[in-house]
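Residue numbers (the numbering used here): 159 to 769.
By construction, the Cβ of each residue, glycine as well, lies at the ideal position given by its N, Cα and C atoms.
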C-alpha cells in the first residue's frame, strides 16, 4: 500500500475545489469577474494535476487513505476511507479536464452570474471527484448529493425563465427520489452487516447467497445510480435538464455525470455484491436494460429537431451501450467502456459547446430556424461534422476505439450479435447529429418543420448566454472546443493510454484484492491486463461500417418531409410520435416511470433468485 505523500493526494483533490469555491464566493463581492474566472480555472487545473498524480500513484495497486489515521482493526473500522485505483482516478481526471474546458469556454459567458456560477462548478467538480474516489457506500451517497445539488442549481441558473425552472425542478425531484431509494438500500445493508465500507461489505457478504434483503438492498442502492445514468425508463429528466442548462454545464452533465451512474453500478456490484448475486442474473438484467435504453435513446435522438435535446438523447443511447459493456462482466468489457466514455465525453462536450455558439449568435436551437444560417466557412462547421462522424465510431477516434474493444469483448463473451447493436446505435445517433450539422451549417436537404413548444421544455426562444449576442467567436471558446476534440482523438491513437486502461480494468474487478488492500494493508497482487485493448481488424471494419451507415442515413433523412422524396421515412418518423408523447415534461409521469423501472429491475434480479 502506498504511504506518505501519495496517501494525501486523494483528500486534497476533493478538498481543494471546495475551499476554492468558498474563496471565489468571498472575493466576488469586491473583485472583478476576471478574477473569479482565474481562481476557478486555477482550482480546476490544480485538481486535474492532483488526479493525474493519483493515476500514476495507483499504477500497481490502490492508494488507500484513512482520514485522521482511523485505520481498521480486525476487519472493522469507523474511519472515512478513500480507495483509489487507476480507473477511479481516471474518471476523476475526466471530470477535472471537462471542468477546465467548461470554465475556459465560460470566460465570455454568463456575466450576470459572476462568482456563484464558478463556486457551483467547483462544488460540482468536488462532488464528482469524491464520488469516484471514496471507498465507503454512505460517503458515496454524500458526494452523490453534493454533485446533484450543484447540478440542480446550475441547470436552473436562468431562474427568470419558466422553462429553466421546470426543467431543473424535474431534474432535482427525479434524482432526489432515486437518491432516497438508494439511502434506503444503504440502511438495509447497514442493518445486515453493521458496516458501510465497500471492502467491509464485500467481506461480510462473501459466501452468503442472495436472500430477499440482499436483493432488495442491491436494487434500491443501484436505482439512484441508474436514475443518474438516465437508464430507460428512468431517463425522462435528462433531455429536459439539458434543454435548459447553461451550455458548459451540459458538458459536465452529458460528458461525465451521467456516466458516473454506470461507474457506481460497476463499483458497487464488483466490490460488494459480486459473491452474492450471480453473474448470469446481472448479465441478463443489464443486457436487457441496456438494449432498452439504447433503443429508446437512439429513436428519440433521431426524431429531435431541438439541438440540445438531440444531443441529450444521443447520450442516453450511448449509456445503453455502456450498460451492455458492463453487463459482460469482463475486464476487456470494462476497459472498452472506460475508453468509450472518455472518447464520448470529448466529442459530446465539443458538440454541446458548438451548439452553445449557435445559441449565443442566433438565440434559437431549432434545426429548422437555423437552416443554412451559418455557412461552411466558419470553423465550427467542420468541427461539428467531424464530431458527428466520431460519434458514429469513425476510426481512429476515441469513441470508435471504445466501441471496437467492447464489441470484441461481447464476441468473446458469447454475444457476437451485440456488434450489430453497437453499429446501429452509433450509426443512428451519428446520423442525427450529422443531419443537423449539414442542415444548419450548409443548408443541405429539406427545411424541417418548427418545434412544437407545448410538447418540449426548452423549445421556447432563448436569450443569449453571453452578455451580448456574439458576432465573432472568442478564441477561448474555440480553444476549449478544439481541446475536447483533440482529447477524443488522442484516446484512439495512443496505445499506451489504452493499455493503461486495460491494466486498470483488471484491478477494478478484483474484489479479493480490493478487500485485502483496503482492510488489511496487503500489497496488491498483479492482475492480467485486459486481453484486447487496441484496434483489431474487425473493430476497424465495424467502425467504418457504422460511419458509412451514418452518412447514408443522414443523407436520406435530409429529404424527409419533402413532397418528392422520403415519404416512407416520414411515416416512420411520424411513428415515433407515440414514444415522444411519453416524454411529456410532467413530473408525475416521470415518477410513475421511475417506479415502473424500479419494479422492472427488481423483477429481473429477484425472480431468478428468490423462491
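query	result
Beta carbon of residue 277 nearer than 8 Å to that of residue 337	no
Sub-8 Å separation of residue 507 and residue 256 beta-carbons	yes
Cα-Cα separation, residue 409 to residue 501	13 Å
Buried/exposed call for residue 217, threshold 16 Cβ in 10 Å	exposed
Three-way DSSP call (helix, strand, coil) for residue 240 in this model	strand
Enclosing beta strand (DSSP E) for residue 223 [first to last residue]	221-224
Cβ-based neighbour list, residue 454, same chain, cut-off 6 Å, excluding 5 preceding and 5 following	390
Residues of its chain near residue 692, where Cβ-Cβ distance is below 7 Å and the 5 sequence neighbours each way are ignored	653, 656
C-alpha gap between residue 728 and residue 250, whole angstroms	For residue 728, the pLDDT reaches just 49, beneath the cut-off of 50, and the residue's location in the model is therefore unreliable, leaving the point undetermined.
Cut-off 6 Å between Cβ atoms - residues of its own chain near residue 194, not counting five sequence neighbours on either side	182, 186, 273, 276
Start-to-end residues for the alpha helix (DSSP H) that takes in residue 708	695-715
Integer Cβ distance of residue 423 from residue 497, believed to fall under 8 Å	Rounded, the Cβ-Cβ distance is 18 Å, inconsistent with contact.
Beta-carbon separation (whole angstroms), residue 311 vs residue 347, contact threshold 8 Å	Not a contact, Cβ separation roughly 30 Å.
Limits of the unbroken alpha helix (DSSP H) element including residue 484	465-485
Secondary structure of residue 314, DSSP reduced to three states	coil
Whole-number beta carbon distance between residue 441 and residue 485, since they are thought to touch under 8 Å	5 Å
Limits of the unbroken alpha helix (DSSP H) element including residue 349	320-351
C-alpha gap between residue 581 and residue 700, whole angstroms	7 Å
Simplified DSSP assignment, three categories, for residue 273	helix
Every unbroken alpha helix (DSSP H) inside the segment 626-657 [4 residues or more]	633-651
Residue range of the unbroken alpha helix (DSSP H) whose run includes residue 207	191-215
Between the CA atoms of residue 398 and residue 529 - distance to the nearest angstrom	23 Å
Assigned secondary structure, residue 433 (DSSP; H/G/I helix, E/B strand, else coil)	coil
Alpha-carbon spacing of residue 681 relative to residue 215, whole angstroms	14 Å
Burial state of residue 720, where buried means 16 or more other Cβ atoms lie within 10 Å	For residue 720, the predicted model reports a pLDDT of 49, less than 50, meaning its position is unreliable; a value from the coordinates is still stated below. Label assigned to residue 720: exposed.
Residue environment, residue 763, which counts as buried when at least 16 other CB atoms sit within 10 Å	buried
Segment contact flag, the segment 223-241 with the segment 473-482, C-beta cutoff 8 Å, min 3 pairs	no
Collapsed DSSP secondary structure at residue 720 in the structure displayed	Because residue 720 carries a pLDDT of 49, less than 50, the predicted location of this residue cannot be relied on, and the following value inherits that uncertainty. Of the three classes helix, strand and coil, the one that applies to residue 720 here is coil, per DSSP.
Environment of residue 644 [buried if 16+ CB atoms lie within 10 Å]	exposed
Reduced DSSP secondary structure (H/G/I, E/B, other) of residue 491	helix
Enclosing alpha helix (DSSP H) for residue 386 [first to last residue]	370-386
Same chain only: Cβ atoms within 8 Å of residue 572, ignoring 5 sequence neighbours per side	none
N- and C-terminal bounds of the alpha helix (DSSP H) containing residue 570	556-570
Cβ-based neighbour list, residue 510, same chain, cut-off 7 Å, excluding 5 preceding and 5 following	405, 408, 409, 412, 469
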